[in-house]
Each structure stands twice: as C-alpha cells, then as structure tokens.
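Residue numbers (the working numbering): 140 to 529. Positions of the beta carbon are idealized from the N, C-alpha and C atoms, including for glycine. None of the values given here were measured: they were computed from a predicted structure.
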Ligand SMILES: NC(=O)c1ccc[n+]([C@@H]2O[C@H](COP(=O)([O-])OP(=O)(O)OC[C@H]3O[C@@H](n4cnc5c(N)ncnc54)[C@H](O)[C@@H]3O)[C@@H](O)[C@H]2O)c1
C-alpha cells in the first residue's frame with residue numbers, strides 16, 4: 140500500500156485538462172495525486188512522462204482505477220460522460236470534483252444530484268471562471284449596493300474550438316481539415332454540440348455574483364455555417380429571466396472566425412460596469428452621482444482584480460483553479476459546505492440544456508426547472524401534465 144504523506148489522496152479521470160489538476164493537486168500542501176486514469180494508453184503515458192509524479196499509479200481501466208486507495212476523484216473526462224463517471228466515483232465512496240458542464244442532459248444532472256443526496260459525499264462543480272479575480276470585486280460592489288439593483292446582465296463566451304474537434308490517442312487535437320490528413324485522428328466529443336450547452340463559464344459567474352437563478356429561457360441559434368461538415372452551430376444567444384426579475388443575455392460561440400473572449404457587463408438602477416472586449420483594454424464603471432454624467436470611468440486592473448496569493452500563480456486560468464481546489468479541499472478536510480455544490484452546479488448547467496431545446500424550437504420561451512428536492516418532483520408532475528417539451 141502506498142505511503143500516505145498528505146491528508147487528501149486524489150485520483151484523476153482524463154489526461155487532458157485532468158493532467159493540469161493532477162499536477163496542481165500534487166503540489167498543494169493538503170493533497171497528493173495518487174492515480175491517473177485515461178482509456179487511451181498513449182495519452183496516459185505522455186501525461187505521466189510530463190507530470191513526473193513519483194509513485195503515480197496509471198490506469199486505462201476505470202473499474203480498476205475506482206478500486207485504488209484514495210479520498211477524492213477529479214472527473215475531467217469527455218463532457219457527455221460526466222454524469223456516468225461522477226456517479227461511478229460517488230458509488231465507489233469518493234468525493235468528486237467534476238468538470239463543466241455538470242452533464243449534457245437534465246437526466247444526467249438529476250442522477251448526480253440524487254446520488255450525492257443518497258451517498259452524503261461531497262460534490263464540487265468545477266466552475267473556475269467565478270473565481271477570476273475581478274468577480275470577487277464585482278460581488279463586493281453588488282453587496283454594497285454600488286450598482287443599486289442590477290436589472291440586466293450580459294456575458295459572452297467566444298472560444299473558437301474548431302482546432303479541438305478531432306483527436307488522436309496521444310491527445311493531439313486537429314481541425315476537421317487537418318484530420319483529413321491524419322488517419323489516427325477521430326472525431327471528438329466537442330464536435331457537433333450546441334455551444335449554448337457549454338454555458339457555465341459565462342452564466343455561472345453572473346449567477347454567483349447576483350446570487351440568483353434562472354427560471355425561463357428563450358434561445359436562438361445561427362445554424363451551422365462555419366463548420367457545416369460537423370454540424371457545429373456557429374453561435375447561440377439565450378435570454379434568461381431570473382428569480383429576482385433580472386434579465387440576462389448570454390452569447391456562446393465555439394465555431395466562429397473570431398479571437399476569443401469571456402466578457403460581461405452589468406446594468407443597475409444606480410450604476411453599471413463593462414469589462415473590456417475587442418480592442419478595449421480596461422474595464423469601466425459608471426456610478427450615478429459619483430462619475431461624470433453619462434461618462435464611463437476606466438478602472439485600472441489592480442483596482443478591480445482581487446489580490447492573488449503567490450501560490451495561486453502555479454494554478455491555471457489566472458489562479459482561479461487554485462481557489463476552486465482550495466474550496467473543495469477545505470470542504471473535505473474541515474467538513475465545510477461545498478462552495479459550488481450539486482444544486483448550484485445544476486443552476487449553472489440546466490439553463491444551457493433547456494436553451495438547446497428552445498433553439499431547436501425556434502426560440503420558444505421555456506421554463507427552467509430547479510432540481511432541489513422540494514421542487515424537483517413538482518416539476519416532474521407539471522411536465523407530465525402540461526407537455527412543456529423538455
Ligand atoms: N474549466 C475549464 O476551464 C476547462 C478547460 C478545458 C476543459 N474543461 C472540461 O474538462 C473536461 C475534459 O476536457 P479535455 O479538453 O481534457 O477533453 P479531452 O477529450 O481532451 O480529454 C478527455 C479524456 O477523458 C478520457 N476518457 C473518456 N472516457 C474515459 C473512461 N471511461 N476512462 C478513462 N478515461 C476516459 C479520454 O480518453 C480523454 O483523454 C471536459 O468536460 C471539458 O469541458 C474545462
């Protein structure tokens with residue numbers, strides 16, 4: 140049996156994004172990475188060579204991996220497999236941190252929630268963008284009433300991932316055009332999915348800072364023009380009504396000839412903020428009574444970004460992965476509540492799943508269910524009676 144040197148032993152499923160977590164959880168003072176699983180042996184070998192973690196046990200078989208002595212499992216496998224892998228890990232007795240989205244189906248999300256409720260284990264939804272340093276400042280300003288009541292918010296996640304539509308067994312990604320020349324390249328899970336179903340990086344941080352959830356959605360798709368051979372919708376835009384009455388608009392584009400950005404703006408009864416996009420370089424605010432009338436006031440980054448501890452710089456996505464992992468580890472070690480739990484994960488994910496149905500129905504306004512236990516069953520009854528089309 141491997142000698143235990145740190146309190147939380149972590150195992151990781153998926154050697155792509157998962158390799159980053161394998162590395163980062165290993166350098167954390169509270170955890171060590173003890174096992175890595177990927178069904179593609181060549182990719183597993185490449186990742187292990189780069190990771191250089193002494194004693195790291197490698198698995199290509201998920202069932203054998205789930206028998207390894209560990210405390211927590213990081214699910215970083217193909218998006219459509221999240222519910223299956225999360226539930227297997229929970230059933231095997233491990234706490235789980237799962238990559239985004241929670242799953243690509245409402246049934247998958249419900250299965251995760253019911254398994255967490257039954258097992259009593261911890262489930263952390265790994266939405267890292269809510270930990271991007273300026274989000275903490277925006278949340279503080281909202282709490283202090285600097286914007287008055289935020290009545291409208293908007294976010295955009297534009298990330299052209301056509302270069303990840305195909306993959307070989309070693310983990311090299313290809314575009315559709317490149318894949319024609321690489322016989323080992325196979326179509327990957329990202330290809331052909333609705334971009335709006337990958338909504339948690341844009342919607343999640345807004346729901347976090349507004350402390351809100353979505354109740355209704357209408358969504359339109361541009362159709363497939365940029366990558367029609369794979370049926371990738373270019374871009375999708377959804378408008379949401381929230382419990383608070385606020386309206387949110389989200390654009391997600393994954394097959395589009397545009398440089399990427401993750402952008403947001405908030406409009407309130409007393410003030411507004413706009414993050415930079417395109418060639419703009421600074422965020423800007425407008426506070427009624429404080430700012431020059433009708434004039435945006437640029438804000439230097441060090442005034443809007445929360446300060447990062449030096450150790451956060453070792454983690455990915457501008458240090459946000461550090462806070463994410465810290466929340467998960469503290470919840471396990473000190474038995475604290477999980478910062479983004481199974482219900483919140485569903486709040487961030489389900490709106491994108493329903494938005495896909497809305498887009499497939501020409502923008503039909505649709506209800507977004509709450510998967511908390513007291514209301515979940517009501518929704519099931521209502522769905523059976525009213526034929527809302529979910
Ligand atoms: N939060 C973020 O910023 C961020 C960034 C990148 C990716 N992601 C998410 O992380 C997840 C992984 O992304 P990726 O880019 O690494 O994808 P990927 O397709 O490159 O890697 C997924 C890996 O999972 C492995 N896998 C699938 N089924 C398996 C099984 N049964 N047993 C063992 N291994 C299995 C695959 O072989 C593959 O190597 C996705 O859900 C993605 O949405 C999140």
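Got a sec? Which residues, its chain only, sit under 8 Å from residue 337 by beta carbon, not counting five neighbours each side? Counting from one through the chain shown, the residue named residue 337 turns up at place 198. 218, 239, 240, 296, 391, 393, 491.
Pull up the CB-CB distance for residue 346 and residue 487, whole angstroms please, since I reckon it's below 8 Å. As a first step, residue 346 must be located in the chain shown, where it is residue number 207. As a first step, residue 487 must be located in the chain shown, where it is residue number 348. Rounded to whole angstroms, the Cβ separation of residue 346 and residue 487 is 6 Å, and the two are in contact under 8 Å.
Output the distance between the C-alpha atoms of residue 288 and residue 365, rounded to the nearest integer angstrom. One-based indexing of the chain shown puts residue 288 at position 149. One-based indexing of the chain shown puts residue 365 at position 226. If I take the Cα positions, the gap works out to 39 Å.
State the DSSP-derived secondary structure class of residue 529, mapped to helix, strand or coil. The residue labelled residue 529 in the question sits at position 390 within the chain shown. A caution first: residue 529 carries a pLDDT of 32, below 50, which makes its placement in the model unreliable, though a value can still be read off. Look at residue 529 here: in three-state DSSP terms it is coil, with no helix or strand label.
Any non-hydrogen atom of ligand 1 within 8 Å of residue 199 CB: Position 60 of the chain shown, counted from the first residue, corresponds to residue 199. Yes, since a heavy atom of ligand 1 falls inside the 8 Å radius drawn around the Cβ of residue 199.
Give the straight-line distance between the Cα atoms of residue 527 and residue 507, rounded to the nearest whole angstrom. Residue numbering aside, residue 527 sits at position 388 when the chain shown is read from its first letter. Residue numbering aside, residue 507 sits at position 368 when the chain shown is read from its first letter. For residue 527, the predicted model reports a pLDDT of 38, less than 50, meaning its position is unreliable; a value from the coordinates is still stated below. Their backbone Cα atoms lie some 10 Å apart in a straight line.
Quick one: give me the first and last residue of the alpha helix (DSSP H) that residue 258 is part of. Indexing the chain shown from 1 puts residue 258 at position 119. Looking at the DSSP string, the run of the alpha helix (DSSP H) that includes residue 258 is 245–258.
If we ignore side chains and look at the alpha-carbon of each, how far apart do residue 331 and residue 216 end up? Counting from one through the chain shown, the residue named residue 331 turns up at place 192. Counting from one through the chain shown, the residue named residue 216 turns up at place 77. Using only the alpha carbons, I get a separation of about 17 Å.
Check whether the region 295–309 and the region 357–371 touch, using three or more Cβ-Cβ pairs below 8 Å as the test. As far as the Cβ criterion goes, the region 295–309 touches the region 357–371, which means the pair count is three or higher.
Identify the continuous beta strand (DSSP E) that holds residue 380 and give its terminal residues. As a position in the chain shown, residue 380 is number 241, starting the count at 1. Taken as a continuous stretch (DSSP letters only), the beta strand (DSSP E) holding residue 380 covers 374–381.
Other residues of its chain near residue 323: CB distance less than 6 Å, five sequence neighbours each side excluded: Reading the chain shown from its first residue, position 184 is the one you call residue 323. If we look at residue 323 and ignore the five residues flanking it on each side, its Cβ neighbours are 307.
Is the region 150–157 touching the region 168–175, taking contact as three or more C-beta pairs under 8 Å? By the Cβ test, the region 150–157 is in contact with the region 168–175, since at least three Cβ pairs between them sit closer than 8 Å.
If you draw a straight line from the alpha carbon of residue 499 to that of residue 505, how long is it in whole angstroms? Within the chain shown, numbered from 1, the residue matching residue 499 stands at position 360. Within the chain shown, numbered from 1, the residue matching residue 505 stands at position 366. About 12 Å.
As an exercise, report each continuous alpha helix (DSSP H) stretch of at least 4 residues that is fully enclosed by the region 259–343, in chain order. Taking only runs of at least 4 residues, the alpha helix (DSSP H) segments lying wholly in the region 259–343 are 272–282, 315–318.
From 444, 461, 213, 443, pick the residue whose C-alpha is nearest to that of residue 451; which is it? The residue given as residue 451 occupies position 312 in the chain shown. Nearest option by C-alpha distance: 461.
Less than 8 Å separating the Cβ of residue 152 from some heavy atom of ligand 1? The residue labelled residue 152 in the question sits at position 13 within the chain shown. Checking the Cβ of residue 152 against ligand 1 gives yes.
Neighbourhood of residue 225 by C-beta, 6 Å cutoff - its chain only, sequence neighbours within 5 removed: Against the chain shown, residue 225 aligns to sequence position 86. Non-local C-beta neighbours of residue 225 in its own chain, meaning closer than 6 Å and more than five positions away in sequence, comprise 214, 235, 237, 251, ordered along the chain.
Under a Cβ-count criterion, where at least 16 other Cβ atoms within 10 Å of its own Cβ denotes burial, should residue 249 be classed as buried or exposed? Along the chain shown, read from residue 1 onward, the residue named residue 249 stands at position 110. Answer is buried; the Cβ neighbour count reaches 16.
Mapping the DSSP letters down to three states, classify residue 140 as helix, strand or coil. For the purposes of this step, residue 140 is taken as residue 1 along the chain shown, with counting starting at 1. At residue 140, the pLDDT of 47 sits below 50, so the modelled position is not reliable; the number obtained from the coordinates is stated separately. For residue 140, the three-state secondary structure derived from DSSP is coil.
Going along the chain, which residues of its own chain have a beta-carbon closer than 8 Å to the beta-carbon of residue 384, five neighbours each way excluded? The residue you call residue 384 lines up with position 245 of the chain shown. So the qualifying residues of the chain are 290.
Alpha-carbon to alpha-carbon, residue 292 and residue 412: Taking the chain shown and counting its residues from 1, the one referred to as residue 412 is at position 273. Taking the chain shown and counting its residues from 1, the one referred to as residue 292 is at position 153. Cα-Cα distance, rounded: 10 Å.
Selected residue, minimal CA-CA separation from residue 406, among 497, 421, 280: Taking the first residue of the chain shown as 1, we reach residue 406 at position 267. When 497, 421, 280 are compared, the shortest CA-CA separation from residue 406 is found for 280.
Quick one: what does DSSP say residue 223 is sitting in, helix, strand or coil? Taking the chain shown and counting its residues from 1, one reaches residue 223 at position 84. Helix at residue 223.
Alpha-carbon spacing of residue 529 relative to residue 489, whole angstroms: Reading the chain shown from its first residue, position 390 is the one you call residue 529. Reading the chain shown from its first residue, position 350 is the one you call residue 489. Per-residue confidence for residue 529 stands at a pLDDT of 32, beneath the threshold of 50, marking its modelled position as unreliable; the derived number appears in the next sentence. Taking C-alpha positions only, residue 529 is separated from residue 489 by approximately 11 Å.
Would you say residue 465 touches ligand 1, meaning its beta carbon is less than 8 Å from a heavy atom? Position 326 of the chain shown, counted from the first residue, corresponds to residue 465. Distances between the C-beta of residue 465 and the heavy atoms of ligand 1 are all 8 Å or more.
Cβ separation of residue 494 and residue 356, assumed to be a contact under 8 Å, to the nearest whole Å: Here the question's residue 494 lines up with position 355 in the chain shown. Here the question's residue 356 lines up with position 217 in the chain shown. The beta carbons of residue 494 and residue 356 sit about 5 Å from each other, so the pair counts as a contact at 8 Å.
Starting from residue 197, follow its DSSP beta bridges and name the residues at the other end. Reading the chain shown from its first residue, position 58 is the one you call residue 197. BP columns for residue 197 point to 175.
Please name the residue or residues paired with residue 426 in a DSSP beta bridge. Here residue 426 refers to the residue found at position 287 of the chain shown. Answer by DSSP bridge pairing, in chain order: 410.
Using only the alpha-carbon positions, how far apart do residue 285 and residue 428 sit? Here residue 285 corresponds to residue number 146 of the chain shown, with the count starting at 1. Here residue 428 corresponds to residue number 289 of the chain shown, with the count starting at 1. About 11 Å.
Along the beta strand (DSSP E) that carries residue 495, what are the first and last residues, could you check? Numbered from its first residue, the chain shown carries residue 495 at position 356. No beta strand (DSSP E) contains residue 495, which is instead part of the alpha helix (DSSP H) from 481–499.
Using alpha carbons as the reference points, say which of 419, 325, 209, 496 lies closest to residue 145. Sequence index remark: in the chain shown, residue 145 carries index 6 (1-based). Ranking the options by Cα distance to residue 145, first place goes to 209.
Quick check: what's the CA-CA separation for residue 379 versus residue 329? In the chain shown, counting from the first residue as 1, residue 379 sits at position 240. In the chain shown, counting from the first residue as 1, residue 329 sits at position 190. Residue 379 and residue 329 have their C-alpha atoms spaced approximately 24 Å apart.
Using a Cβ-Cβ cutoff of less than 6 Å, which residues in the same chain neighbour residue 222 once the five nearest sequence positions on both sides are dropped? Numbered from its first residue, the chain shown carries residue 222 at position 83. Closer than 6 Å at Cβ, skipping near neighbours: 242, 247, 250, 251.
Rounded C-beta distance between residue 262 and residue 477? I'm assuming under 8 Å. Residue numbering aside, residue 262 sits at position 123 when the chain shown is read from its first letter. Residue numbering aside, residue 477 sits at position 338 when the chain shown is read from its first letter. The pair is a contact, with the Cβ atoms about 7 Å apart (cut-off 8 Å).
Identity of the residues DSSP links to residue 402 by a beta bridge: On the chain shown, position 263 is the one that residue 402 refers to. Looking at the DSSP assignment, residue 402 forms a beta bridge with 295.
I need the boundaries of the alpha helix (DSSP H) containing residue 166, first residue and last residue. Reading the chain shown from its first residue, position 27 is the one you call residue 166. For residue 166, the uninterrupted alpha helix (DSSP H) run begins and ends at 156–166, by DSSP.
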